[in-house]
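Engineer: Going by this note's numbering, 457 is the number at position 456 of the sequence shown; the sequence numbering is gapless. Got a structure for you, questions after.
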Amino acid sequence: MSEALAPRLTPCGPVIDVESETRARERLSEAAAEGGWTSTLDGSWPALAPVFAASPYLFGLARRWPDGLRAVLDDAPEARLAAILADTDALAGGADDLRAPLRRLKGQLHLLTAVADLGGVWDLDQVTGALSRFADASVNAALRAVAHDQRERGKLVSPADDPRGPVPGLFGLAMGKHGAYELNYSSDIDISLFWEPDALIPALAEGVEPQRFVDRLAQALATLMQERTGDGYVFRVDLRLRPDPSSTPPVVAAPMALAYYESVGQNWERAAFIKARAVLGDVGAGRDFLEALIPFIWRRSLDYPAILDIQSIKRQIHVHKTGEGLEAAGANLKLGRGGIREIEFFAQTQQLILGGRDPGLRAPRTVEALAALRDAGHVDPDACTELTAAYIALRGLEHRVQMLDDEQTHTLPVEAGARARVAALAGEAELSVFDARVEALLVRVNQRYGELFEGGEELSSPWGSLVFTGVENDPETLATLARMGFSEPAAVADTIRGWHHGRIPATRAARGRELFTRLAPRLLTALADTGAADAAFRRFAVFFSALSGGVQVQALFLAQPKLFDLVVGVMAFAPRLARTLGRYPAALDSMLDARFARPIEEDTGVADQIRREAAEAPDFETAMNAVRRLHREQMFRIGVQTLTGRAGPEAAGRAYTALADASLGALAPPAMGETIRQGGALGGGQVAVLALGKAGSREMTATSDLDLMTVYDAPADAVSGDKEWAAGVFYSRFTQRLIAALSAHTAEGGLYEVDMRLRPGAAKGPVSLRLSAVEDYYATEADTWEFMALTRARVIWADSPAFAARVSASLEGILRHPRPGVSFAADARRMRDRMARQRPPQGHWDVKLAPGGQVDAEFVAQVRQLRRAREGGPMTSSTLQALADDPELAEAWRLQQALSQILGAAFDERPDPDQEPEGFRARLAKAAGFADYDALKAGLAEAREAAREAYEAALPPVGDGD
């Protein structure tokens with residue numbers, strides 16, 4: 002139609018701001034009077050008034066270039082568009098020459114499309130088509146300009162009129178709405194830039210590095226297009242829709258890009274290419290590139306997991322079937338629930354599944370794609386009609402939001418006055434009516450979207466949508482992550498997207514990425530449910546990134562949600578155990594062992610397995626590593642059962658100690674073998690290893706060290722066969738090797754810190770003692786505290802059962818030997834008081850040293866044992882059994898042992914539970930037998946107070962001279 006635009010215009014809605022309208026008319030009337038087109042302005046004013054009253058941006062364009070407004074009104078809109086495009090194509094020169102005219106032409110184009118749209122002359126297709134065609138023309142003009150500058154500098158030597166384009170081999174694909182001629186009013190343009198080495202390199206001067214050249218060219222192109230000057234800008238340019246943009250240059254070599262898409266390309270990238278169009282530079286090369294991508298985009302056959310992965314594009318968006326939360330104020334018309342993206346995904350997901358076998362379903366434009374799916378019987382006609390109408394309405398609203406200030410926003414203003422301006426441009430005078438209309442529109446779209454693939458696995462979260470497609474963060478997803486408790490939602494989203502890109506071994510294979518698509522929402526939801534989302538995610542990331550392959554592990558997590566929740570709980574509340582999984586992901590394998598969940602008090606054969614594998618090892622180091630691997634798995638098992646409450650504190654103590662016994666018992670023979678290998682055998686010698694402290698009383702925790710002592714016996718003149726070591730030297734060498742076997746860190750980690758300071762003469766004596774020397778020491782030199790320590794001593798390994806029995810009998814004899822004139826209670830009290838002065842408790846949660854803590858109870862228990870030994874009564878190494886007649890002390894010790902087990906399993910260092918997540922505090926309280934954390938703190942204080950009173954009664958204060 003050739004008729005001028007002015008007489009065809011109709012008002013879009015009410016005049017929202019009379020003062021703004023009056024001011025606009027006054028300013029434009031002056032220009033019209035000067036130019037002689039007052040009658041045109043006056044005739045058009047009823048249609049222009051609501052536009053300029055609501056949109057400061059559009060009035061600004063008309064005021065700056067009134068002749069442009071006159072041309073818009075006088076010409077037919079199609080002719081005016083053709084003139085703008087022709088002027089753009091005719092631009093010549095370098096970047097400096099094009100900077101101003103490109104921006105002026107963009108202003109004319111914006112004024113034309115807005116007036117034709119708001120005046121009811123152009124429909125949505127005509128508006129988006131005009132915007133897209135100008136984007137094509139302007140970006141090609143910009144490329145010609147920056148290529149001109151490179152020729153001027155002598156770096157580009159191909160002719161300017163080369164049929165392959167300004168830079169042979171360099172091509173750009175218009176992606177997204179630009180590629181489908183659906184560009185919105187204030188959109189940026191997504192351009193994917195690639196280069197063909199065979200075409201580009203010959204076009205460059207000698208010595209010019211091609212990758213650096215194209216990257217700088219791309220930067221110059223983007224700057225020319227998007228730099229803001231006094232005349233505005235042309236288009237913001239987004240170059241990120243390329244293979245893995247965080248790790249690739251702005252312009253990707255085409256062969257590398259094809260290899261990427263064939264190996265790790267994701268389904269959302271396939272969806273993006275539905276709309277791709279070769280638009281820039283060497284268009285022929287671009288079309289060849291898209292032709293080569295057809296097998297990637299349109300797969301003729303898809304297995305079920307691949308179909309599920311495509312469907313996940315839709316299922317990551319949370320659907321509210323009742324429409325709750327869908328409000329006009331602040332609604333994101335593009336990315337929010339019920340928005341444009343849901344309609345696009347509705348079409349694209351089905352296109353990806355069905356389009357490989359039916360080329361008729363490959364339409365790049367959303368409305369055409371919906372119609373094709375309807376015609377092929379895949380979409381209900383009513384759904385197609387409703388979604389098409391909704392798409393047109395939402396796109397129109399999106400344009401009107403952007404026309405206010407030329408901002409790249411898709412969100413309806415929260416502020417009522419600003420939203421009323423949008424309503425006026427959309428033809429509605431009453432804001433409440435407009436809001437209701439928008440909300441009903443969003444609800445209809447969201448409900449239709451929810452019907453797609455209905456009944457399948459949800460990939461959103463109860464917390465909201467979790468969308469990780471594309472190259473930029475989804476606002477709804479960031480809001481969901483914030484609600485979940487993540488302090489840095491963008492960083493979490495970037496990490497998840499990186500995993501989706503296959504940047505870690507676990508997701509490098511297509512199957513791994515498909516599984517992760519299903520696992521990601523469960524992971525994030527589980528992390529949020531712990532109440533410690535940040536810490537748990539950080540630790541899970543270490544573990545997940547360290548996996549050498551992720552298919553089996555992810556499949557396991559999906560198949561066994563209880564196991565998955567258990568692992569996530571470990572990540573949230575137990576940094577010690579999380580570190581084990583992070584450093585040694587194979588520890589997860591132990592959770593698959595049927596023995597993992599069996600009560601830790603059962604004999605599962607692990608001790609025998611540890612001894613057997615150590616015995617079968619070909620050398621000392623291999624034996625050490627075998628024991629460490631099995632030890633790590635069992636420490637993890639005991640820790641998990643302790644944290645989850647499946648194992649009580651006494652059972653955990655016995656289990657940790659049994660593991661220590663097995664590990665030492667497995668390594669002692671290889672250590673002896675090494676000693677013999679280096680020094681020769683010692684005839685007639687015998688040796689035993691004693692455990693003291695918590696290892697001796699079978700009350701170890703995850704952080705306990707090993708208090709050890711070795712004793713031996715041998716003929717006085719015995720020497721080793723090769724080096725002729727005396728017995729003391731021989732068994733000291735054995736002890737040193739055993740200590741190294743237990744404490745050295747190898748590729749499989751370490752086992753225990755070993756403490757030998759409880760042996761007689763520890764400050765200056767040998768590390769291994771003859772049994773007779775031990776007996777003499779305790780008979781003549783030992784202090785009361787050494788006898789107290791000996792009450793928990795036991796033999797945990799000996800090279801002969803007979804010597805083990807002999808040493809055990811000797812220990813009992815030492816303890817039962819009379820010590821006339823010695824007050825065990827007074828000596829113990831003096832030592833405890835000195836300890837309190839030199840080693841005061843480190844805060845409320847120092848369960849060992851606090852008044853009424855474990856040391857108080859253990860001192861009383863050991864004094865009781867010494868008295869029973871002297872009286873000939875029964876003896877025990879168990880603290881609780883020794884406190885059978887001291888219920889307050891026993892109860893306080895048991896409570897604090899429970900806390901020590903939980904804290905030891907979870908942390909390497911002494912923590913402050915007050916600073917830990919609420920979920921951990923709840924678990925700590927439950928493990929200690931309390932309803933909640935406050936009750937635990939009160940109960941602990943009460944138990945300590947009672948225990949301290951009992952301690953004072955059992956070990957009353959003494960004077961320095963007593």
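For each residue, glycine too, the CB sits at the ideal point set by N, CA and C. Note that the structure is predicted; figures quoted are calculated from it, not measured.
Pick helix, strand or coil for Phe804, following the three-state DSSP scheme.
Structural biologist: It is helical.
Engineer: At the level of alpha carbons, what is the spacing between Ala648 and Ile639?
Structural biologist: About 8 Å.
Engineer: Looking at the structure shown, is Gly208 part of a helix, part of a strand, or coil, going by DSSP?
Structural biologist: Coil.
Engineer: On the DSSP bridge assignment, give the partners of Leu683 in chain order.
Structural biologist: Per DSSP, Ser721.
Engineer: For Ala851, I'd like the list of residues in its chain whose CB is within less than 6 Å of its CB, leaving aside the five on either flank, ordered along the chain.
Structural biologist: If we look at Ala851 and ignore the five residues flanking it on each side, its Cβ neighbours are Pro842.
Engineer: So, with DSSP's three-state summary, where would you put Met404?
Structural biologist: Met404: helix per DSSP, three-state reduction.
Engineer: Distance, Cα to Cα, Thr367 vs Glu345?
Structural biologist: In a straight line, the C-alpha of Thr367 is about 6 Å away from that of Glu345.
Engineer: Where does Ile295 land, buried or exposed, given buried means 16+ other C-beta within 10 angstroms?
Structural biologist: Classification for Ile295: exposed.
Engineer: Looking at Leu752 and Leu743, is the spacing between their C-beta atoms short of 7 Å?
Structural biologist: In this structure, Leu752 lies closer than 7 Å to Leu743 by Cβ.
Engineer: Out of Ala929, Glu950 and Arg949, which one is the CA nearest neighbour of Gly1?
Structural biologist: The requested residue 1 does not occur in the structure, where the chain is confined to residues 2 to 963.
Engineer: Specify the secondary structure class of Gly361 as computed by DSSP and reduced to three states.
Structural biologist: In the structure shown, Gly361 sits in a helix (DSSP, three-state: H, G or I).
Engineer: Would you kindly work out how many angstroms separate the C-alpha atoms of Phe558 and Phe565, rounded to a whole number?
Structural biologist: Their Cα atoms are separated by approximately 5 Å.
Engineer: Can Leu336 and Gln352 be called in contact, C-beta distance under 7 Å?
Structural biologist: Not a contact, by the Cβ cut-off of 7 Å.
Engineer: From the DSSP output, in three-state form, read off Trp196 for me.
Structural biologist: Strand, per DSSP.
Engineer: Pick helix, strand or coil for Tyr657, following the three-state DSSP scheme.
Structural biologist: Note: Tyr657 maps to helix in three-state DSSP.
Engineer: Using the Cα positions of Asp484 and Ala536, report the straight-line distance between them to the nearest angstrom.
Structural biologist: Sequence inspection shows Arg at residue 484; the Asp mentioned does not correspond to that position. Arg484 and Ala536: Cα-Cα distance of roughly 16 Å.
Engineer: Compute the Euclidean distance between the alpha carbons of Ile393 and Leu184, then round it to the nearest angstrom.
Structural biologist: The alpha-carbon atoms of Ile393 and Leu184 are separated by roughly 13 Å.
Engineer: What are the boundary residues of the alpha helix (DSSP H) that includes Ala419?
Structural biologist: Its alpha helix (DSSP H) spans residues Ala417 to Leu426.
Engineer: Evaluate the contact criterion for the region 807 to 822 versus the region 719 to 730: three or more CB pairs, one atom per stretch, below 8 Å.
Structural biologist: The region 807 to 822, when compared against the region 719 to 730, does not touch it at the 8 Å Cβ threshold.
Engineer: Tell me, which residues are paired with Leu691 by DSSP?
Structural biologist: According to DSSP, Leu691 bridges with Met710 and Val796.
Engineer: Need the endpoints of the beta strand (DSSP E) that Arg771 sits in, please.
Structural biologist: From DSSP, the beta strand (DSSP E) with Arg771 extends over Ser769 to Arg771.
Engineer: What residues in its chain sit with their C-beta under 7 Å from that of Gly471, if we drop five residues either side in the sequence?
Structural biologist: Excluding positions up to five away in sequence, the list reads Trp269.
Engineer: If you draw a straight line from the C-alpha of Ser801 to the C-alpha of Gly583, how long is it?
Structural biologist: Approximately 41 Å between the Cα atoms of the pair.
Engineer: DSSP on Arg229, reduced to helix/strand/coil?
Structural biologist: Note: Arg229 maps to coil in three-state DSSP.
Engineer: Give me, in chain order, the residues of the same chain whose beta-carbon lies closer than 7 Å to that of Leu281; leave out the 5 immediate sequence neighbours on both sides.
Structural biologist: Closer than 7 Å at Cβ, skipping near neighbours: Val140, Asn141, Leu144, Phe172, Gly173 and Ile192.
Engineer: Does the region 81 to 89 come close enough to the region 198 to 211 to have 3 or more Cβ pairs within less than 8 Å?
Structural biologist: Not touching, per the Cβ criterion.
Engineer: Taking only the alpha-carbon atoms, compute the straight-line gap between Gln220 and Ala260 and give it to the nearest angstrom.
Structural biologist: Cα-Cα distance, rounded: 25 Å.
Engineer: Exposed or buried, what is Thr230 when buried is set at 16 or more other beta-carbons lying within 10 Å of its beta-carbon?
Structural biologist: Under this definition Thr230 is an exposed residue.
Engineer: Can you give the Cα-Cα distance for Ala444 and Gln267, rounded to whole angstroms?
Structural biologist: Per the sequence shown, residue 444 should be read as Val rather than Ala. Taking the straight line from one Cα to the other gives about 30 Å.
Engineer: Could you tell me the boundaries of the beta strand (DSSP E) in which Leu171 lies?
Structural biologist: That run of the beta strand (DSSP E) goes Leu171 to Ala175.
Engineer: Do the region 246 to 253 and the region 119 to 136 make contact, defined as three or more Cβ pairs closer than 8 Å?
Structural biologist: Touching, no.
Engineer: Tell me whether Val280 sits in a helix, a strand or coil according to DSSP, three-state version.
Structural biologist: Val280 falls in the strand class under three-state DSSP.
Engineer: Which residues bound the beta strand (DSSP E) around Val253?
Structural biologist: Val252 to Ala254 is the extent of the beta strand (DSSP E) around Val253.
Engineer: Say whether the region 792 to 811 touches the region 832 to 840, bearing in mind that this needs 3 or more beta-carbon pairs closer than 8 Å, one atom from each stretch.
Structural biologist: No contact exists between the region 792 to 811 and the region 832 to 840.
Engineer: If you run the structure through DSSP and keep just helix, strand and coil, what is Asp289?
Structural biologist: DSSP places Asp289 in helix when its eight states are reduced to three.
Engineer: Hey, Ala689 and Val712 are a contact pair by Cβ (cut 8 Å); roughly how many whole angstroms apart?
Structural biologist: Confirmed, about 6 Å.
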